[in-house]
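J.:
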Amino acid sequence: MKGNEITIQPVDAVNREAVIGLTVDEKHSRFIETNAESLQEMTEDTKYDWQSFAFYEGERPVGFMMVGAENETERYVWLDRFMID
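Residue numbers for the sequence shown follow our numbering, so the first one is 26 and each next one is one higher.
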């Protein structure tokens with residue numbers, strides 16, 4: 026894999042702590058929950074079947090997203106969280 030190639034991997038027990046450690050610039054922190062808060066919401070709010078993913082540049086995690094609330098009738102899914110470290 027090339028070092029500047031971006032891949033998307035599910036957040037799991039192996040990469041969870043690295044994803045929690047990702048942050049946005051301090052001046053942007055008021056616009057988004059922390060990744061720890063998002064992962065906690067996934068476990069508590071099961072109604073929307075949230076799924077979380079990490080963005081990787083090579084072997085290094087650089088971002089996070091959380092998606093869910095799929096509506097097959099109206100054909101949409103929410104991209105509820107999106108952050109790049």
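Virtual Cβ for every residue (Gly too), placed ideally from N, Cα, C.
Check whether the Cβ atoms of Leu47 and Asn29 lie closer than 8 angstroms to each other.
T.: The answer is no: Cβ separation not under 8 angstroms.
J.: Do Ile57 and Arg100 have their C-beta atoms within less than 8 angstroms of each other?
T.: It is not a contact, given that the beta carbons lie outside the stated cut-off.
J.: Taking only three categories from DSSP, how would you classify Asn96?
T.: DSSP places Asn96 in strand when its eight states are reduced to three.
J.: Assuming the contact rule is C-beta atoms closer than 8 angstroms, Met91 and Ser54 should be a hit. Round their C-beta distance to whole Å, please.
T.: Going by Cβ atoms, the distance from Met91 to Ser54 rounds to 17 angstroms, so no, they are not a contact pair.
J.: Pick out whichever of Phe89, Tyr73, Thr98 and Asp74 has its Cα sitting closest to the Cα of Asn40.
T.: Closest by alpha carbon: Phe89.
J.: For the alpha helix (DSSP H) containing Ile45, name the first residue and the last one.
T.: Unbroken alpha helix (DSSP H) run through Ile45: Arg41 to Ile45.
J.: Name the DSSP bridge partner or partners of Tyr101?
T.: Answer is Asn96.
J.: From Glu69 to Trp75, what does the alpha carbon distance come to, in whole angstroms?
T.: Roughly 10 angstroms separates the two Cα atoms.
J.: With a threshold of 16 other CB atoms inside 10 Å of the CB of Pro86, please say whether the residue is buried or exposed.
T.: So Pro86 ends up on the buried side.
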